[in-house]
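S.K.: One structure coming up, written as structure tokens, with questions to follow.
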Amino acid sequence: MGDQKTSRVELLFVTFNKIKPYLAMVSLQFGYAGMYIVTMLCLKRGMSHYVLVVYRHAAATIAVAPFALYFERKIRPKMTISTFLKILVLAFLEPVFDQNLYYVGLKYTSATFASAIVNILPAITFIMAVLFRLEKVKIKNIRCIAKIIGTVITLGGAMLMTLYKGPVMNLFGSRAGQGHHETSSAGETNKNWVVGTLMVIASCVGWSGFFILQSFTLKAYPAELSLTSLICLMGMIEGAAVALVMERHPAAWALGWDSRILAPVYSGLICSAIAYYLQGVVIKERGPVFVTAFNPLCMIIVAVLAFLILAEQIHLGSIIGAIIIVIGLYSVIWGKSKDYKASSSTLTREKGEDLELPISTTNGNKITTTATVIDDIDPLGGMSKSEIPMKVPTSHK
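At position 187 of the sequence shown the residue is numbered 187 (the UniProt record's numbering), and the sequence of numbers has no breaks.
Here it is, written out as structure tokens:
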């Protein structure tokens, strides 16, 4: 009975390790979906997106810094000039560049449209990963062909969503077709649609650059909590410098007990503090392309919430473009999953080559030492090791 219980616990542990990256990324999509809705409400109330970025990362810094100081006080690596400069660039790419452009695009389009167009992120990340040699391209390899074709399809879907809006589609009932002030707002929406789309695409470029640079930075500074808190802190400082230039009226910094305080706190805690940390952990195990693979789920959640809360309209061009983008997205993901399986099978073939300490015999004196044996492949991509105490002959002085 005891052995059966032990085997069940081990099975549950192995299963959890296998699905852990997926659970983390799916949970983040629900968090991001809530951010789309709350932020849209906040921007409609007139809050400046420059100020929102500052408050968001102030909340994120306050939330994550204490954990970083306590849990990583003994393992935090030494800060170098190179690492600090990378953190400055990270703080600019995502908190300042990406988020400000994204908020502008969100105002000019809609929450549903913005969450759909963000699905081009894996394609852009793949292109940048190739440029920075994080991804290898072999034209004769079916996996690479799938990723290249998927990237082209995804970008084509994004172009369709940019250039073709189409009629309003009544998917969830009559409410969406009766959006607030439909006639009066149609002209303004059409006028800013292309500009808003380009803003969202540009924000995706900044976000992809953030993922790529984060993967490099984690190699030199492998302390996820500390890196997250530093990015949030520097993002707050850099964002404040931009906001002070763009928003000189003191009233722009005012908060209220409504979405104007909910948006920065929610997005700071969920979409900055927790998201940066989880993304850093998963990037170390699965790479930056895997992290960007779950955006279609967020698009579906946002579409439902935006209809129920914001009464947003969905256009035919957005639906067709989103379908094309998702097809291309999963072509990229299929190729990436085959890469992961290939690397795992390579490690499995090398499983029998146990790594042991060298054994030498001199005077016959024996001491207890440890041989490290690679006995399994970790579900997240690494190798699990078991420490086996062994009696080996060794020299004695």
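Positions of the beta carbon are idealized from the N, C-alpha and C atoms, including for glycine.
What is the DSSP secondary structure of M47, counted as helix, strand or coil?
M.R.: coil
S.K.: Could you give the C-beta distance for Y108 and M199, rounded to a whole number, given that I count them as a contact under 8 Å?
M.R.: 7 Å
S.K.: Cutting at 7 Å between CB atoms, please list the residues of its own chain near G209, excluding the five before and the five after it.
M.R.: L93 and M128
S.K.: Relative to the alpha-carbon of H57, which residue among V26, I270 and V89 has its alpha-carbon at the smallest distance?
M.R.: I270
S.K.: Distance check for G196 and I314, CA to CA, integer angstroms please.
M.R.: Rounded to the nearest angstrom, the gap between the Cα atoms of I314 and G196 is 16 Å.
S.K.: Quick one: what's got a C-beta closer than 8 Å to Q29's C-beta in the same chain, skipping five residues either side?
M.R.: F294, N295, L297, C298 and I301
S.K.: Output the distance between the C-alpha atoms of L85 and T6, rounded to the nearest integer angstrom.
M.R.: Roughly 48 Å between the two C-alpha positions.
S.K.: To which residues of the same chain is N192 closer than 6 Å at the C-beta, ignoring the five residues directly before and after it?
M.R.: Cβ-Cβ distances below 6 Å link N192 to Y108 in the same chain, with the five nearest sequence neighbours on each side left out; the list follows chain order.
S.K.: Would you mind giving the Cβ-Cβ distance between Y277 and E224, rounded to the nearest angstrom? I have them listed as a contact below 8 Å.
M.R.: That pair is a contact at about 5 Å.
S.K.: In this structure, what does DSSP give as the bridge partners for V168?
M.R.: H315
S.K.: On the criterion of 16 or more Cβ atoms from any shown chain inside 10 Å, does T112 qualify as buried, or is it exposed?
M.R.: Burial is judged here by how many other beta carbons sit within 10 angstroms of a residue's own beta carbon; T112 has at least 16 and is buried.
S.K.: Which of the three DSSP states is assigned to I139 in this structure?
M.R.: coil
S.K.: Count the other CB atoms, across all protein chains shown, that sit within 10 Å of the CB of I388; report buried if there are 16 or more and exposed otherwise.
M.R.: Unreliable positioning characterises I388 in this predicted model, as indicated by a pLDDT of 34, which lies under 50. A coordinate reading is not provided.
S.K.: In terms of alpha-carbon separation, which member of F290, K336, A241 and I283 lies closest to V54?
M.R.: A241
S.K.: Assuming S82 and A220 form a contact by the criterion Cβ under 8 Å, report the distance between their Cβ atoms to the nearest whole angstrom.
M.R.: 7 Å
S.K.: Grab the span of the alpha helix (DSSP H) containing C271 for me, first residue to last.
M.R.: Counting along the chain, C271 falls outside any alpha helix (DSSP H), and DSSP gives it neither H nor E.
S.K.: How close, in whole Å, do the beta carbons of K336 and F307 come, if the pair is a contact with beta carbons under 8 Å?
M.R.: So it is not a contact: roughly 32 Å between Cβ atoms.
S.K.: For the alpha helix (DSSP H) that N295 lies in, which residues bound it at each end?
M.R.: Here the alpha helix (DSSP H) through N295 covers N295 to L305.
S.K.: Nearest-angstrom Cα distance between A158 and K74?
M.R.: 46 Å
S.K.: Report the CB separation of G256 from A63 in whole angstroms; it is logged as a contact under 8 Å.
M.R.: The beta carbons of G256 and A63 sit about 21 Å from each other, so the pair does not count as a contact at 8 Å.
S.K.: With 16 other CB atoms within 10 Å as the buried threshold, where does R248 fall?
M.R.: exposed
S.K.: Per DSSP, what kind of secondary structure is T125 in: helix, strand or coil?
M.R.: helix
S.K.: Give me the residue from N119, V205, C144 and K44 with the minimum Cα distance to G321.
M.R.: Cα-wise, what sits closest to G321 is N119.
S.K.: Express the C-alpha separation of V245 and A251 in angstroms, rounding to a whole number.
M.R.: 14 Å
S.K.: What's the C-alpha gap between V281 and I212?
M.R.: 14 Å
S.K.: Exposed or buried, which one is V326 when buried takes at least 16 other CB atoms within 10 Å?
M.R.: buried
S.K.: Could you round the C-beta distance between T162 and V194 to whole angstroms and report it? I think they count as a contact, below 8 Å.
M.R.: Indeed, because the Cβ distance is near 6 Å, the residues count as touching under 8 Å.
S.K.: Looking at the unbroken alpha helix (DSSP H) that takes in M246, where does it start and where does it end?
M.R.: E224 to M246
S.K.: Mind reading off the beta-carbon distance from S259 to Y102? Whole number of angstroms is fine, and I expect it under 8 Å.
M.R.: Wrong, their Cβ atoms sit about 17 Å apart, outside the cutoff.
S.K.: Pick helix, strand or coil for K86, following the three-state DSSP scheme.
M.R.: Assigned with DSSP and collapsed to three states, K86 falls in helix.
S.K.: Give me, in chain order, the residues of the same chain whose beta-carbon lies closer than 7 Å to that of M40; leave out the 5 immediate sequence neighbours on both sides.
M.R.: L106, A111 and L310
S.K.: Kindly indicate which residue of R45, L329, E10 and S27 has the alpha-carbon position closest to the one of I261.
M.R.: Minimum Cα distance to I261 is reached at R45.
S.K.: Thinking just about the alpha-carbon of each residue, which of M234, R8, L316 and N141 is nearest to the one in F97?
M.R.: M234
S.K.: Let me confirm a value: A254 is counted as buried when at least 16 other C-beta atoms fall within 10 Å, else exposed. Which label applies?
M.R.: Under this definition A254 is an exposed residue.
S.K.: Between which two residues does the alpha helix (DSSP H) carrying V281 extend?
M.R.: A275 to R286
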